[in-house]
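Under mature numbering (1 follows the signal peptide of the UniProt record, and there is no 0), residues -22 to -1, 1 to 142 are what the sequence shown spells out, in order. Note that the Cβ used here is the ideal one computed from N, Cα and C, for glycine as well.
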Amino acid sequence: MRSRLSLMLAASLFSTAIPAIAQDGYVKIEQRLSAEQLRATGLDGLSAEQLALLNELLQQDRQSAVQAHQKDAQTRGSGGWFGGNDAEPVTSTVTSTVAGEFRGWSSGTVLRLANGQRWQVVDGNFYLGKPLTDPKVTISPGKISGWYLRVEGQNPSAKVKRID
């Protein structure tokens, strides 16, 4: 029982330093702890086989955590945090048409594109004197954050966020 508790304690303690351990490779637990720490955690009482198994489990846990960390970093860099749909991140410019008659937008307006995406205007107002039918639009990522919708042939752009 004490050995299991020691194994679980050690696994939870040493699985948190993911980036640093990932860069330097795995370091065995007996090399990371002092003699006092090994005694205090009960790890000094483990057999060579138990210690080898603990190191193998910790290394596997570290590899899984590093992979999850890398996947999370890729999602953050792909637009998921800046208005994209996290389940299906938009990573580049979207070009489509607004389905039907288009008269402009104001904050809160939802625009349905011909490709099935729906985008909501976050900021900006624009009204056309003469409505357009199925105008071509381009939605591009901003330089720092957010997404911006631009209607072909019109000057203003609107800050938008994807809502589906």
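Beta-carbon spacing of residue i, residue j below 8 Å
i	j	result
alanine 92	threonine 75	yes
threonine 71	threonine 19	no
valine 100	serine 85	yes
aspartate 112	glycine 82	no
tryptophan 97	arginine 128	no
aspartate 22	leucine 16	yes
glutamate 8	leucine 35	no
serine 118	tyrosine 126	yes
glutamate 4	glutamine 37	It should be pointed out that residue 4 corresponds to tyrosine in this sequence rather than to glutamate. It is a contact, given that the beta carbons lie within the stated cut-off.
glycine 94	alanine 136	no
Residue i burial status per 10 Å Cβ neighbour count (16 or more: buried)
i	result
valine 88	exposed
isoleucine 122	exposed
glutamate 130	exposed
glutamate 66	Residue confidence is low: glutamate 66 scores 47 on pLDDT, short of 50, so the model does not pin down where it sits. Its coordinate-derived value is still stated next. The residue in question, glutamate 66, is exposed, as its Cβ has fewer than 16 Cβ neighbours within 10 Å.
proline 109	exposed
One or two residues paired with residue i in a DSSP bridge
i	result
proline 119	Trp125
threonine 111	Glu79
serine 70	DSSP lists no partner for serine 70.
tyrosine 105	Gly82
valine 5	According to DSSP, valine 5 bridges with nothing at all.
valine 88	Gln98
Span of the alpha helix (DSSP H), counted from its first residue to its last, around residue i
i	result
leucine 16	13 to 19
Delimiting residues of the beta strand (DSSP E) encompassing residue i
i	result
glutamine 98	96 to 101
serine 135	135 to 140
leucine 24	No beta strand (DSSP E) contains leucine 24, which DSSP labels as neither H nor E.
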